[in-house]
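Engineer: Structure incoming, see below.
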Amino acid sequence: MSSSYHPQYDGQTKRFNSMLEEYLRHFVRDTQKHWVKLLDVAQLCFNAQKSSSTNKSAFQILTGQQPLLPHTLDSPQGVRSPLARSFSQAWKQNVEIARSCLEKAQKWMKKYADNNRRFVEFNAGDL
1 MSSSYHPQYD
11 GQTKRFNSML
21 EEYLRHFVRD
31 TQKHWVKLLD
41 VAQLCFNAQK
51 SSSTNKSAFQ
61 ILTGQQPLLP
71 HTLDSPQGVR
81 SPLARSFSQA
91 WKQNVEIARS
101 CLEKAQKWMK
111 KYADNNRRFV
121 EFNAGDL
């Protein structure tokens with residue numbers, strides 16, 4: 001959502017909402033029921049994604065470090081608890097799915113932006 005007093009944010013909001021819709025579409029196509037539970041994970045994945053312009057994630061810009069996600073916390077001795085192991089494996093799988101969905105959405109957005117972009121060639125003396 002954006003403020004009605006700041007229409008310049010509308011494009012950014014639309015892009016985020018379309019990415020979120022694409023992300024959720026990949027996760028809920030089978031059950032259609034638990035999509036609300038995925039919003040926090042979607043937001044974390046979005047905020048942990050590096051920006052091409054800053055080469056840093058939003059999370060890293062705000063906190064000074066990348067988030068510690070469950071798949072990055074693997075113990076060298078291995079996980080002893082079967083519940084913790086299954087959680088970690090499920091998290092890794094969800095992160096990979098989210099990453100591929102984000103990459104797909106980014107490619108689609110780039111393709112869409114490139115289709116609407118006019119390429120103009122300038123020569124000496126054109127001004």
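Going by my numbering, the residue at position 75 of the sequence shown is 75; the numbering climbs one at a time, nothing skipped.
Ideal Cβ positions, reconstructed from N, Cα and C, are used throughout, including at glycine.
Since this is a predicted model, take the numbers as computed values, not measurements.
Quick check on the burial criterion: 16 or more other C-beta atoms within 10 angstroms. Buried or exposed for Ala42?
Structural biologist: By one-based count along the sequence shown, residue 42 stands at place 42. Buried: at least 16 other Cβ atoms inside 10 Å.
Engineer: Any chance you could list the alpha helix (DSSP H) runs of at least 4 consecutive residues sitting entirely within the segment 23–108, in chain order?
Structural biologist: Entirely contained in the segment 23–108, the alpha helix (DSSP H) runs reaching 4 residues are, in chain order, 39–48 and 58–63.
Engineer: Measure the CB-CB distance between Phe46 and Leu38 and report whether it falls below 8 Å.
Structural biologist: Start at 1 with the first residue of the sequence shown, and residue 46 comes out as number 46. Start at 1 with the first residue of the sequence shown, and residue 38 comes out as number 38. Taking 8 Å as the Cβ cut-off, Phe46 and Leu38 do not qualify as a contacting pair.
Engineer: What would DSSP say about Glu121, mapped onto helix, strand or coil?
Structural biologist: As a working note, residue 121 is residue 121 in the sequence shown. Here Glu121 sits in coil by DSSP.
Engineer: In this structure, how does DSSP classify Val20 when only helix, strand and coil are distinguished?
Structural biologist: Reading the sequence shown from its first residue, position 20 is the one you call residue 20. Sequence check: residue 20 is Leu here, not Val. Here Leu20 sits in helix by DSSP.
Engineer: Would you mind working out which of Asp10, Asn94 and Asn17 sits nearest Ala105, comparing C-alpha positions?
Structural biologist: Here residue 105 is taken as the residue at index 105 of the sequence shown, counted from 1. Minimum Cα distance to Ala105 is reached at Asn17.
Engineer: Do you know whose CA, among Met109, Asp126, Ala48 and Glu21, lies nearest Val36's CA?
Structural biologist: Taking the first residue of the sequence shown as position 1, residue 36 is located at position 36. Comparing Cα positions, the closest option is Glu21.
Engineer: Cutting at 8 Å between CB atoms, please list the residues of its own chain near Ile61, excluding the five before and the five after it.
Structural biologist: Stepping through the sequence shown from its first residue, residue 61 is reached at position 61. Counting only Cβ-Cβ distances below 8 Å, and skipping sequence neighbours, we find Thr54.
Engineer: Give a yes or no on whether the C-beta atoms belonging to Ala98 and Tyr23 are separated by under 8 Å.
Structural biologist: Numbered from 1 along the sequence shown, position 98 holds the residue referred to as residue 98. Numbered from 1 along the sequence shown, position 23 holds the residue referred to as residue 23. The answer is yes: Cβ separation under 8 Å.
Engineer: Helix, strand or coil: which one does DSSP assign to Asp10?
Structural biologist: The residue given as residue 10 occupies position 10 in the sequence shown. Asp10 falls in the helix class under three-state DSSP.
Engineer: According to DSSP, is Asp126 helix, strand or coil?
Structural biologist: Residue numbering aside, residue 126 sits at position 126 when the sequence shown is read from its first letter. Coil at Asp126, not helix or strand.
Engineer: Going along the chain, which residues of its own chain have a beta-carbon closer than 7 Å to the beta-carbon of Lys56, five neighbours each way excluded?
Structural biologist: For this step, residue 56 is matched to residue 56 along the sequence shown. Hits under 7 Å: Lys50.
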